[in-house]
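Heads up: the sequence shown runs through residues 377 to 473, numbered per the numbering used here. Using N, Cα and C, we set each Cβ at its ideal position, and we do this for glycine too. This structure is a prediction, so every number in the text was calculated from the model and none was measured.
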Amino acid sequence: ELWNFHDGDPLELHILTPAGEHQLIIIGRDVSAGQVMQFVVPAGHWFASRVMGQGAWSMVGCVVAPGFDFRDFELADRAALSAEFPQRQDLIRELTR
């Protein structure tokens with residue numbers, strides 16, 4: 377998935393690799409502060425996003441290739457992710473319902 381920043385506040389993109397490593401990418405317009413305007417989330421990685429800042433909104437786009445198909449979509453399950461990545465339970469609890 378290719379995430380593109382368009383407007384608003386920066387967005388935190390939290391990524392869990394298959395090995396359980398956590399990556400934090402900030403998508404936004406302030407590239408001098410290390411933010412990126414776009415980022416590719418590799419296949420097989422779990423991710424969650426959260427708006428930063430006081431404005432409380434971000435406009436982003438997400439491009440998928442090949443095309444998106446709901447049969448391939450899996451919504452993260454807090455208990456299953458916590459069991460798979462016990463070292464990331466706090467982060468998973470914070471970003472899931």
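Give me the Cα-Cα distance between residue 461 and residue 442, rounded to the nearest whole angstrom. Between residue 461 and residue 442, the alpha-carbon positions lie close to 28 Å from each other.
Distance, residue 410 Cα to residue 385 Cα: Roughly 14 Å separates the two Cα atoms.
Apart from the five residues just before and just after residue 458, which ones in its own chain have a Cβ nearer than 7 Å to its Cβ? Taking C-beta separations shorter than 7 Å and ignoring five residues to either side along the sequence, the partners of residue 458 in its chain run 465 and 468, following chain order.
I'd like the list of long-range same chain contacts for residue 434, defined as Cβ closer than 6 Å, with 5 residues on each side in sequence excluded. Taken in chain order, the residues that qualify are 384, 385, 387 and 427.
Span separating the alpha-carbon of residue 401 from that of residue 448: Across the structure, residue 401 and residue 448 are spaced so that their CA atoms are roughly 24 Å apart.
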